[in-house]
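> Dropping the structure in here first, questions after.
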Amino acid sequence: MKTNPAVAVTGIGCLCAAGLNLKECMDSLFSGGCTPHPPSRFSSDHPTVYPVFEIYKTPSIGGTGPQSDIMLTAKFALTAAEEALGNAKLNRKILAGKRVGVCIGTTTGSTMNNEDFYLDYRSSGRPPMDAITRFLKSNPARVIAEQYGAAGPCQTVVNACSSGTDAIGLGASWIRSGLCDVVIAGGADELCRVSYNGFISLMITDASPCRPFDVGRKGLNLGEGAAMLVLESKAFWRKRNQVPRAMLLGYGSACDAYHLIAPAPDGRGLKQAIATATARAACQKSVDNIAFINVHGTGTRDNDRVESQVLNELLTGVPFLSTKGYTGHTLGAAGAIEAAFTIACLEAGKIPASAGFETPDPELPATPVQQETSVNGTLAISQSLAFGGNNAVVIFGKGDG
Amino acid sequence: MRIAVQGIGVAGGFGCGADQLRRALFPGEITPQNILFEAESNNHKFPAYLCDTSRLAEFVNKRALQRVDHFSRMAVLASILALEDAGMLQEDHQNFAVVVASGYGATRTTFSFLDSVIDDGDACASPMLFSNSVHNAAAAHISILLKANGPNVTVSQFEMSVPSALLAACQWLQEKDVDGVIFGGVDEYCNVLGYSWQRFFGRDHKADMKPLEFENQSAIAGEGAAFFLLTPDNGDKPKYGFIADVQIGHVEISAPKITENSLLILGADGHKLSGIHYARYTPPENQAAIYSPLYGSIPIGPAFDLAIAALSIREGRIFAASRGAGENSGLNIVAKEQALNARSIGCLKFSCSGEFGLIKLVGE
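Same order as they appear, the protein sequences are chains G and B.
Its first residue numbered 1, the first sequence is counted upward by one per residue in our numbering.
Its first residue numbered 1001, the second sequence is counted upward by one per residue in our numbering.
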């Protein structure tokens, strides 16, 4: 397998329960983070209240313009994109006439499942169409493309919980193939009652703050947010003297082909995705230069067991952490948010404690870091596992700065 | 770009399999049989082209299909037919990717999940319906049933889902990550969709689609799936030619770049908001055909057009545009079947807001 030419990451934007921009998020991660609370935007008649990591301040983006009446997921996406482009010193004027693509992962952002509309449909048979109109206006990739006049490929990836990671990997391929000069790639998702009830029905949700890899882990907490990376071709960032924050060196994706909602016990898909990504990044023969791994680490029994086994086998001794204890599981946004954290930690040369992990599980051969840890090496991995047996892995290297 | 098309599998209002699609292309021989009146919301009947997946029983046992919904069944059936058509159904698919496009995902199951919550309470939400309602459920079922361990991705970009998803398929093949890609599109009809159509487009549903009458709204909802087995160009002549280019853009920024003398298969499907773009951007000097009256108005319509383009490449002829598609469009419409004469074929789709996708297929 050939190695991939590196794709530059020149800008990052991120918001989630841990913070409304990347700096706030990283400050929060390194100072203990936040705790989940009962959802404030919706209620449920479950006898148990399951806490969530919610963003309490609705982004003001969109104002009173045409994008004011769009779904929260799309607003999160726009907010993160604005921060990322600002960080990359790009704007609509500079991007005009350039080959700009948009590749965004989501789950709720592309699902026509408005409960109020459907209740009204069932009871009255004639609900107003506002909710459907809003849904049709809120495709996250299209919303960003319209905001910045992007004329290139526009793609919303709906690969469940690996959507954000896949979107970044696919967006990078557009740069490599010469299809785009710039790609805005990432993920966005909002909390909603449908996913809240759905995950509880699967019995993989914890009624307490989640504890990835801990012996007492009982499941995940849902979260929400968005993160965007600005990916650029070498010719483009060099021409404008922009120093990359990181280089995307490898992407691997593979499917367990095992079960709709459970990972393959032998971790076959994850192993294949790691093998592909490391081969593309030319680091498959040695783990010495890998500083750390930001794992999926949801806090469910099955996910954490499989990840621990695979990491112990393929990436022995490399420090790893889960950031779900700071953000909750943000579904289609998770891979992008964790990619943003991965780059920021690589820049800082340290990773925070894996929140929620206290007592090792004797069943797990590898466990995450328990305190803030300095890391060495120029590479870092971020990985996602998803419904459908999807596994996606991205590898970042330090930027030229 | 040079991606080989080795097999096609289709299921829709016209029937099931490439042969039934082919027969439907000959006016007078087969009329689409599945134009049914399904939904009855508010005492109003709604026409739709529906898809029968009963042929799936020939390939997959009942037990394996127990928890697979209609949306995924359509996709699984079409993907199996594509592999069978390519003579690859019994081969090892371990290093195959699965790429699925869908405008709206599993809508029936999505609303059935809401039914479980509304009828029985939050605590009785159905886990099976929830897990099948995620957009990538169809892709997952394909991977599981066909044991395809390569990358697996689902793209949802409304009418642009097919050209957008095709980019991912082509990328994986060009970078030689996989031996083949099971690629296709799937969308289903549901009563909420029917209701939404009534509200957005009025209740005066025409009996026939007239997609070439661009100023009129005549769309009839469809459902179905169209899948392909794609491989890298290995030097042999593939059964259905090569995908040579995929363009995606927006008319406010640039018009589609249409190859001179190519045949255009227009994705116009009776929506007047997108019809204006076909009228404006289809060069009158290019011959054009339109087949949406065979499969209905469906976000993944370009996948059906790509299947028809593949059949045209294989047989070296252009099928006449669907009878009754409309008149007076001002375009150079293919009225009678004729030789393709080694021309390329462009499948052109516009969304209502002006996005476009253009997939170019060549024989050599």
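We put the CB at the ideal spot given by N, CA and C, even for glycine.
On a predicted model such as this, the values are computed, not experimentally measured, just so you know.
Would you call Ala77/G buried or exposed, if buried means 16 or more other Cβ atoms sit within 10 Å of its Cβ?
Here residue 77/G is taken as the residue at index 77 of the first sequence, counted from 1. Buried, since its Cβ has 16 or more Cβ neighbours within 10 Å.
> Got a sec: is the Cβ-Cβ distance from His1135/B to anything in chain G below 8 Å?
In the second sequence, residue 1135/B corresponds to position 135, counting from 1. It does: the Cβ of His1135/B has a partner Cβ on chain G nearer than 8 Å.
> Going by DSSP, name the residue or residues bridged to Val1334/B.
Your numbering for residue 1334/B matches position 334 in the second sequence. Val1334/B pairs with nothing; no bridge assigned.
> If we ignore side chains and look at the alpha-carbon of each, how far apart do Asp1245/B and Cys1190/B end up?
Numbered from its first residue, the second sequence carries residue 1245/B at position 245. Numbered from its first residue, the second sequence carries residue 1190/B at position 190. Roughly 33 Å separates the two Cα atoms.
> For Leu1167/B, which of Thr1109/B, Gly1194/B, Val1100/B, Phe1158/B has the nearest alpha-carbon?
Working through the second sequence from its first residue, we reach residue 1167/B at position 167. It is Val1100/B.
> For Leu222/G, which option in Ala80/G, Ala282/G, Thr300/G has the closest C-alpha, if you only look at C-alpha atoms?
Translated into the one-based positions of the first sequence, residue 222/G becomes position 222. Nearest option by C-alpha distance: Thr300/G.
> Among residues of its own chain, excluding the 5 on either side of Ala333/G, which ones have a beta-carbon nearer than 6 Å to its beta-carbon?
What you label residue 333/G is simply residue 333 of the first sequence in a count that begins at 1. Once the five neighbours on either side are set aside, the close Cβ partners of Ala333/G are Gly164, Gly187, Ala188, Asp189, Gly225, Ala226.
> What are the partner residues of Arg217/G, as DSSP defines its beta bridges?
Taking the first sequence and counting its residues from 1, one reaches residue 217/G at position 217. None; Arg217/G has no bridge partner.
> Does chain G have any CB closer than 8 Å to the CB of Phe1037/B?
Counting from 1 along the second sequence, the entry for residue 1037/B is found at position 37. Residue placement at Phe1037/B is flagged as unreliable, the pLDDT there being 49, under the threshold of 50; the coordinate-derived value follows with that caveat. So no, Phe1037/B is outside the interface.
> What residue range is occupied by the uninterrupted beta strand (DSSP E) comprising Thr1154/B?
Residue numbering aside, residue 1154/B sits at position 154 when the second sequence is read from its first letter. Segment 1152 to 1155, the beta strand (DSSP E) holding Thr1154/B.
> Tell me whether Pro943/B sits in a helix, a strand or coil according to DSSP, three-state version.
Residue 943/B lies beyond the range of chain B shown here (1001 to 1364); nothing can be said about it.
> Identify each residue in the stretch 163 to 176 of chain G for which the Cβ-Cβ distance to at least one residue of chain B is less than 7 Å, and report them in chain order.
Within the stretch 163 to 176 of chain G, the qualifying residues are Asp166, Leu170, Ser173.
> Going by Cα to Cα distance, which pick from Ala141/G, His46/G, Asp116/G, Val158/G is closest to Gly152/G?
Position 152 of the first sequence, counted from the first residue, corresponds to residue 152/G. Put simply, of Ala141/G, His46/G, Asp116/G, Val158/G the residue whose alpha carbon is nearest the alpha carbon of Gly152/G is Ala141/G.
> Within the present structure, is the beta-carbon of Ser43/G separated from the nearest heavy atom of the ligand GTP by less than 7 Å?
As presented, the structure is devoid of all ligands, the ligand GTP included, so that no description of it is given.
> Let me know the secondary structure DSSP gives Thr48/G once reduced to three states.
Position 48 of the first sequence, counted from the first residue, corresponds to residue 48/G. In the structure shown, Thr48/G sits in coil (DSSP, three-state: anything other than H, G, I, E or B).
> Going by C-alpha to C-alpha distance, which of Gly356/G, Leu95/G, Val157/G sits closest to Phe213/G?
To locate residue 213/G, count along the first sequence from 1; it is residue 213. For Phe213/G, the nearest C-alpha among the options comes from Gly356/G.
> State the DSSP-derived secondary structure class of His1271/B, mapped to helix, strand or coil.
Counting from 1 along the second sequence, the entry for residue 1271/B is found at position 271. Three-state result, His1271/B: coil.
> Using the rule of at least 16 other Cβ atoms within 10 Å of the residue's Cβ for burial, across every protein chain shown, is Ser1344/B buried or exposed?
If you number the second sequence from 1, residue 1344/B lands on position 344. So Ser1344/B ends up on the buried side.
> With burial defined as no fewer than 16 other Cβ atoms inside 10 Å of the residue's Cβ, what is the status of Lys1257/B: buried or exposed?
Here residue 1257/B refers to the residue found at position 257 when the second sequence is read from its first residue. That one is exposed.
> Mind pulling the chain G residues with CB within less than 8 Å of Ala1148/B?
Stepping through the second sequence from its first residue, residue 1148/B is reached at position 148. Here the neighbours are Cys255, Ala257.
> Taking His990/B as the query, report the chain G residues whose CB atoms sit under 7 Å from its CB, ordered along the chain.
Any property of residue 990/B remains undetermined from this structure, which presents chain B solely from 1001 to 1364.
> State yes or no: is the beta carbon of His296/G nearer than 8 Å to at least one beta carbon in chain B?
Looking up residue 296/G in the first sequence gives position 296. Answer no: the Cβ-Cβ gap between His296/G and chain B never drops below 8 Å.
> By the three-class DSSP mapping on this structure, what secondary structure does Arg99/G have?
Against the first sequence, residue 99/G aligns to sequence position 99. Coil at Arg99/G, not helix or strand.
> Where does the unbroken beta strand (DSSP E) through Lys982/B begin, and where does it stop?
For residue 982/B there is no data in the structure shown, the boundaries of chain B being 1001 and 1364.
> Between the C-alpha atoms of Ser1351/B and Ile1298/B, what's the straight-line distance to the nearest angstrom?
As a first step, residue 1351/B must be located in the second sequence, where it is residue number 351. As a first step, residue 1298/B must be located in the second sequence, where it is residue number 298. Whole-angstrom Cα-Cα distance: 11 Å.
> List the whole-angstrom C-beta distance separating Ser1218/B from Ser1161/B, where the pair is believed to meet the contact cut-off of C-beta under 8 Å.
For the purposes of this step, residue 1218/B is taken as residue 218 along the second sequence, with counting starting at 1. For the purposes of this step, residue 1161/B is taken as residue 161 along the second sequence, with counting starting at 1. Rounded, the Cβ-Cβ distance is 22 Å, inconsistent with contact.
> List, in order along the chain, the chain G residues whose C-beta lies closer than 9 Å to that of Asn1328/B?
Locating residue 1328/B in the second sequence gives position 328, counting from the first residue. Near Asn1328/B there are no residues of chain G at all, since even the closest Cβ is about 31 Å away, more than 9 Å.
> Give me the residue from Tyr50/G, Arg41/G, Asn87/G with the minimum Cα distance to Leu231/G.
Reading the first sequence from its first residue, position 231 is the one you call residue 231/G. Closest by alpha carbon: Asn87/G.
> For chain B, find out if any of its Cβ atoms is closer than 8 Å to the Cβ of Ala141/G; answer yes or no.
Taking the first sequence and counting its residues from 1, the one referred to as residue 141/G is at position 141. Residue contact check for Ala141/G against chain B: a CB pair falls below 8 Å.
> Can you list, in chain order, the residues of its chain whose CB lies under 7 Å from that of Glu1337/B, leaving out five sequence neighbours each side?
Taking the second sequence and counting its residues from 1, one reaches residue 1337/B at position 337. For Glu1337/B, same chain residues with a beta-carbon under 7 Å away, outside a window of 5 residues either side, are Arg1317, Ile1318, Phe1319, Ala1320 in chain order.
> If contacts are defined as beta-carbon pairs under 8 Å, then Lys324/G and Leu220/G qualify, I think. What distance do you get, rounded to the angstrom?
Numbered from its first residue, the first sequence carries residue 324/G at position 324. Numbered from its first residue, the first sequence carries residue 220/G at position 220. Going by Cβ atoms, the distance from Lys324/G to Leu220/G rounds to 7 Å, so yes, they are a contact pair.
> Can you list, in chain order, the residues of the stretch 1193 to 1223 of chain B whose Cβ is nearer than 9 Å to any Cβ on chain G?
Leu1193, Tyr1195, Ser1196, Arg1199, Phe1200
> Any beta carbon from chain G within less than 8 Å of Ser1112/B's own beta carbon?
Position 112 of the second sequence, counting from 1, holds the residue named residue 1112/B. Not one chain G Cβ lies under 8 Å of Ser1112/B.
> For His296/G, report the span of its alpha helix (DSSP H) as first-last.
Taking the first residue of the first sequence as 1, we reach residue 296/G at position 296. Per DSSP, His296/G belongs to no alpha helix (DSSP H) and is neither H nor E.
> Using a beta-carbon distance below 8 Å, is Pro47/G in contact with chain B?
For this step, residue 47/G is matched to residue 47 along the first sequence. Yes, Pro47/G lies at the interface with chain B (some Cβ there is under 8 Å from its Cβ).
> If the criterion is Cβ atoms closer than 8 Å, does the pair Val1117/B and Asn197/G meet it?
Taking the first residue of the second sequence as 1, we reach residue 1117/B at position 117. Taking the first residue of the first sequence as 1, we reach residue 197/G at position 197. Taking 8 Å as the Cβ cut-off, Val1117/B and Asn197/G qualify as a contacting pair.
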